[in-house]
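Notes follow the structure.
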Amino acid sequence: MTVRYRKERLDRGIKARCEDMFALSSYREILYLLLPRVLPVIALLCFPLLKGVVGLYWEKVLVITCAIALLSLSWDLMASVGLVSLGQALFFGAGAYLTGFLNKSLGWPYFLTIPFGTVGGALFCTFLLLPVLRLRGVYFAIVTLTLPLLFTRFIEASKILGGNAGISSLSPLPHLWFELYVPVLALLICLFSFRRLINEDYGLVLQGIRDNDLAVMSGAINIYKFKAQAVFIAGMAGAFAGAFMTHYYQFVGMPAFALDYSILPLTCAVLGGVGTFAGPTVGAFILVPLSEALRAFGTLRVVFYSAILIICVVGLPEGIFHYIQRKYHQFERMVEVG
Amino acid sequence: MDKTEDQTILKVEDIGKSFGGLLAVDKVSFHVQKGELLGVIGPNGSGKTTLVNLVTGFVRPDSGRVIFQGLDITGKMPYRIAELGMARTFQMVKPFYHLPAFKNIIIPLYSPRVKKLRGGKYGERDAVAIDLLEEVGFERDSFVPYKVASSLPHGYLKRLELARCLALRSDLLILDELFSGMSMSEVASTLPIIERLNGEGLSIIMVEHRLKELFRVASRVIALNFGRKIAEGSPHEVMESEAVKAAYLGSEAEG
Chain E
3 MTVRYRKERL
13 DRGIKARCED
23 MFALSSYREI
33 LYLLLPRVLP
43 VIALLCFPLL
53 KGVVGLYWEK
63 VLVITCAIAL
73 LSLSWDLMAS
83 VGLVSLGQAL
93 FFGAGAYLTG
103 FLNKSLGWPY
113 FLTIPFGTVG
123 GALFCTFLLL
133 PVLRLRGVYF
143 AIVTLTLPLL
153 FTRFIEASKI
163 LGGNAGISSL
173 SPLPHLWFEL
183 YVPVLALLIC
193 LFSFRRLINE
203 DYGLVLQGIR
213 DNDLAVMSGA
223 INIYKFKAQA
233 VFIAGMAGAF
243 AGAFMTHYYQ
253 FVGMPAFALD
263 YSILPLTCAV
273 LGGVGTFAGP
283 TVGAFILVPL
293 SEALRAFGTL
303 RVVFYSAILI
313 ICVVGLPEGI
323 FHYIQRKYHQ
333 FERMVEVG
Chain G
-8 MDKTEDQTIL
2 KVEDIGKSFG
12 GLLAVDKVSF
22 HVQKGELLGV
32 IGPNGSGKTT
42 LVNLVTGFVR
52 PDSGRVIFQG
62 LDITGKMPYR
72 IAELGMARTF
82 QMVKPFYHLP
92 AFKNIIIPLY
102 SPRVKKLRGG
112 KYGERDAVAI
122 DLLEEVGFER
132 DSFVPYKVAS
142 SLPHGYLKRL
152 ELARCLALRS
162 DLLILDELFS
172 GMSMSEVAST
182 LPIIERLNGE
192 GLSIIMVEHR
202 LKELFRVASR
212 VIALNFGRKI
222 AEGSPHEVME
232 SEAVKAAYLG
242 SEAEG
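The listed protein sequences derive, respectively, from chains E and G. This note's numbering runs 2 ahead of the 1-based position in the first sequence. The second sequence: position 205 = 196 (this note's numbering), numbered continuously.
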């Protein structure tokens, strides 16, 4: 007679009774919950200090990673309201061009252009998307995919905002520490406030709209108001990334509306785990540095990159973050059956 | 005349809707008195749910008017109509599947209407939500209100719909086939809740296939067939009407 085994999964001692309610009774349990949240934050804050060790090149990769992570957070917030977007580049580009315009034409300094670019860009995108907020799923996605492409061609044809050449020689950021720490801090603030927001009652309404907008409407709630607010908040994250990168590159041009800024955030979110905000951040911190690390392969870079991406998505369809979270909260052991 | 106007909470005049060539609701008029429980019956496909959708704003009428508490609400958005005090359940349950049951109730509790009723404060929503769920029979002691909606049986989801309506503290409650898909014991425990709510003065429209239960609580019934109102009156009168008998059983002429 053969002995058969079955994998048994057990939840660890501390368990959330209802998502966000925990019963803690010791320092060990507090550490158990705190470490996965605190360690990445410390690592992220320390990374710019290691400039001498890792080199300036990788510090610059950190800045780009943070920008993409902000865009993927912005994508995830919109997805939490059921608005699947294929056009985060719209936010990025709006923030970038507004910042460039304010700096070049009006001569505003960076500490005014970045906040105004962030809020103004988000407002612009929100008003632009207001008429299509009643669309859902693939219909909304198509509109958001088209808008950045439309703006690229519009700027090219009308030659406004620098046309083909873009706006160059913008004022630089004041200091290397500013360049490195502002995106890191912005990312951390954005990540934790989004996670907080979605677990508040306000966030429940957003999730409700994703699950069933008719049921939310029957609950006497104006879903279009909530959708517009969510687009604005998500837009701020995306427009900030654009506004910051404009000063970082000291240039803004048509690439700000490029398809990369639409597709890469979406890929990060899918790879990392949709709906958690931590997942898209993890995704960005895997994909962007990976893409840089593969530069050594020259032309084959995209082949390796795509292959790794496909393997990850097929192997962990739920997303890397969901997988790690599950493993962290569970024991696994083999038990005899039969 | 004025007095009767005051006593009418909902007045529907010649409302009509066609989908493509299909006339779903054809010039239906009815009214609901304050504190009354009006039953709506009719065979499958007779336009009952469309009628509910027309009144609650989920479908725009082609013709006719809906007057609720003296206000013309024809063609208003569903959330505006709900805010004015008309709550409805859905025949096909629409819970927020990945949220725990009590968080389903927090969403209507977050509405401006509830805030206004509570004097500008939202208050302790979790507790209110769990109390409401207990009221419709979610056993608090076995943590049923904390269970994720997708893990609940259909009967519970139906009652979750009811609790979501109660959260709005509406003036008119529209129940669209609340009892369909419920077990006998669930119906038996839910019916007294509806009787009590009606006894407390809440006006209710009940669209129902379970005639025996409906007739126990309804004071007046209208019957629909092919989108037309074919009978109106006390439950007894409606069941005795030839048109209703013909609609349910088929007339002799039709064989």
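Cβ atoms here follow ideal geometry from the backbone N, Cα and C, with glycine treated the same way.
Burial check for C270(E): the Cβ neighbour count within 10 Å reaches 16 or more, so the residue is buried. Annotated as proximal: N224(E) and Y70(G), with beta-carbon spacing under 8 angstroms.
The Cβ of Y239(G) sits no closer than 8 angstroms to any Cβ of chain E. Unbroken alpha helix (DSSP H) runs of no fewer than 4 residues, entirely contained in the stretch 22 to 49 of chain E, are found at 29 to 48, following chain order. At a cut-off of 8 angstroms between C-beta atoms, Q231(E) does not count as an interface residue with respect to chain G.
Against K107(G), chain E offers no close residue; the least beta-carbon distance is about 10 angstroms (beta-carbon pairs closer than 9 angstroms). In the structure shown, N95(G) falls within a helical segment according to DSSP collapsed to helix, strand and coil. Assignment of F21(G) by DSSP, reduced to helix, strand and coil, places it in the strand class.
The beta carbons of I32(G) and E199(G) sit about 7 angstroms from each other, so the pair counts as a contact at 8 angstroms. For V315(E), there is no enclosing beta strand (DSSP E); the residue is part of the alpha helix (DSSP H) that begins and ends at R303 to G317.
Using a CB distance cut-off of 8 angstroms, Y70(G) counts as an interface residue toward chain E. In terms of beta-carbon proximity, S220(E) lines the interface with chain G, with at least one pair separated by less than 8 angstroms.
The beta carbon of L159(G) sits closer than 8 angstroms to some beta carbon of chain E.
Residues of chain G with a Cβ closer than 8 angstroms to the Cβ of Q209(E) are, in chain order, F87, H89 and L90. Taking 8 angstroms as the CB threshold, E126(G) stays off the interface with chain E. In the three-state reduction of the DSSP assignment, Y7(E) falls in the strand class, which pools E and B. Secondary structure in the stretch 78 to 126 of chain E: the alpha helix (DSSP H) runs of 4 residues or longer, each lying completely within the stretch, are 90 to 106 in chain order.
In the three-state reduction of the DSSP assignment, Q252(E) falls in the coil class, being assigned neither a helical nor a strand state. Sequence-distant partners of T283(E) (beyond 5 residues in either direction) whose C-beta falls short of 6 angstroms from its own C-beta, in its chain, are A71 and L193. Exclusion of the five residues before and after R131(G) leaves I121, L124 and E125 as the residues of its chain whose Cβ lies within less than 8 angstroms of its Cβ.
Using a Cβ-Cβ cut-off of 7 angstroms, D203(E) is close to I97, Y101 and R116 of chain G, given in chain order.
Here the C-alpha atom of G164(E) lies approximately 8 angstroms from the C-alpha atom of G255(E). Around the beta carbon of C48(E), fewer than 16 other beta carbons lie within 10 angstroms, which makes this residue exposed.
A direct Cα-Cα distance of roughly 13 angstroms separates G54(E) from W179(E). Runs of alpha helix (DSSP H) with 4 or more residues, each lying fully within the stretch 144 to 222 of chain G, are found at 145 to 158, 175 to 190 and 202 to 208, listed in chain order.
Beta bridge pairing from DSSP links F153(E) with no other residue. The beta carbon of G210(E) sits closer than 6 angstroms to those of V218, all from its chain and outside the five residues before and after it, given in chain order.
Under the DSSP definition of a beta bridge, D63(G) partners with I58(G). Chain-ordered, the chain E residues with CB closer than 9 angstroms to the CB of F49(G) read L216, M219 and S220. Contact holds between the stretch 243 to 250 of chain E and the stretch 91 to 105 of chain E, because three or more Cβ pairs, one in each stretch, are under 8 angstroms apart. In this structure, A96(E) keeps its C-beta atom at 8 angstroms or more from the C-beta atom of A260(E). Per DSSP, the beta bridge partners of K2(G) are H22(G) and I58(G). The stretch 228 to 236 of chain E and the stretch 53 to 67 of chain E do not touch, with fewer than three beta-carbon pairs separated by less than 8 angstroms. Its Cα nearest to that of T115(E), the residue N105(E) stands out among N105(E), A124(E) and G123(E). Counting along the chain, E115(G) sits inside no beta strand (DSSP E), nor does DSSP assign it H or E at all. Among the CB atoms of chain E, one or more fall inside 8 angstroms of the CB of E74(G).
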